[in-house]
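Each residue of the sequence shown is one higher than the last, beginning at 123 in my numbering.
A quick write-up on the structure given underneath.
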Amino acid sequence: GFNNNRLASLDGERLPEGLVWLIAAGNRIEALPNIARLKHVRKLMLSHNRLTCEALAPVAGIEDLEMVRVAANRLESFPPELLRHPRMSWVAVGGNPFAEACMERRLAAGPPSIDFAEIALGEVLGSGAGATVYSAQWRGQAVAVKLWDGERFSDGTARGEWAANRVAGPPGHPP
Numbered sequence: 123g124f125n126n127n128r129l130a131s132l133d134g135e136r137l138p139e140g141l142v143w144l145i146a147a148g149n150r151i152e153a154l155p156n157i158a159r160l161k162h163v164r165k166l167m168l169s170h171n172r173l174t175c176e177a178l179a180p181v182a183g184i185e186d187l188e189m190v191r192v193a194a195n196r197l198e199s200f201p202p203e204l205l206r207h208p209r210m211s212w213v214a215v216g217g218n219p220f221a222e223a224c225m226e227r228r229l230a231a232g233p234p235s236i237d238f239a240e241i242a243l244g245e246v247l248g249s250g251a252g253a254t255v256y257s258a259q260w261r262g263q264a265v266a267v268k269l270w271d272g273e274r275f276s277d278g279t280a281r282g283e284w285a286a287n288r289v290a291g292p293p294g295h296p297p
């Protein structure tokens, strides 16, 4: 991958055509010239860069694309072409201006906070992408609790993930 290399641009002409994963998170990427040339990329990870909606739009031309992580960029909106991509199954956009604005609106009317002292953590259920999930008890109910290992990770920020979970509300109770 090309993580954390201070790259400002990622030119598809300079990369192998048969590439299947392209990981270039934590750079300064503002442009993706010729990116659609990489037809076989299935996983594209560009979180923590400087991409705008206009710079990201050509990614929709990548035929085999299934996952795109563009958390913590400068997206004021998300390219609709990418949402309609026939193979897309995972999109991470937390920490972008449009996602932050939406989150703040929902948090203003969201469910109440829970006092962490009321939670009894149990065994680890799983971990990945910067967090660990535990079984737990809260007020006599079995729940799952997600604890983040740091502030930044591939899907955005710990605060963004926390807010997204808070906005979603408790299981069985739509916001």
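Beta carbons are placed, not taken as given, at the ideal position from N, Cα and C, and that holds for glycine.
Here the structure is a predicted model, which means the values were calculated and not measured.
1) Checking 9 Å against the spacing of the C-beta atoms, do Asn195 and Ser169 come in under that value?
2) Do you know how far the Cα of Ile157 is from the Cα of Pro208?
3) Quick one: what's Ser249 bridged to in DSSP?
4) Rounded C-beta distance between Glu198 and Pro219? I'm assuming under 8 Å.
5) Using a Cβ-Cβ cut-off of 6 Å (strictly less than) and excluding sequence neighbours within five positions of Val255, which residues of its own chain qualify?
6) Run through DSSP, which three-state label would Met225 get?
7) Compute the distance between the beta-carbons of Met167 and Leu132, then report whether it is under 9 Å.
8) Quick one: measure Cβ to Cβ for Trp260 and Ile236, integer angstroms, because I've assumed they're closer than 8 Å.
9) Between which two residues does the beta strand (DSSP E) carrying Ala266 extend?
Quick answer:
1) Against a cut-off of 9 Å, the Cβ pair of Ser169 and Asn195 comes out as a contact.
2) Cα to Cα, Pro208 sits roughly 18 Å from Ile157.
3) Thr254, per the DSSP bridge assignment.
4) Indeed they touch by this definition, with Cβ atoms about 5 Å apart.
5) Around Val255: Leu247, Gly248, Ala266 and Lys268.
6) Helix at Met225.
7) Not closer than 9 Å, so no.
8) Contact between Trp260 and Ile236 is confirmed by a C-beta separation of about 7 Å, below the 8 Å threshold.
9) Per DSSP, the continuous beta strand (DSSP E) segment holding Ala266 begins and ends at Gln263 to Trp270.
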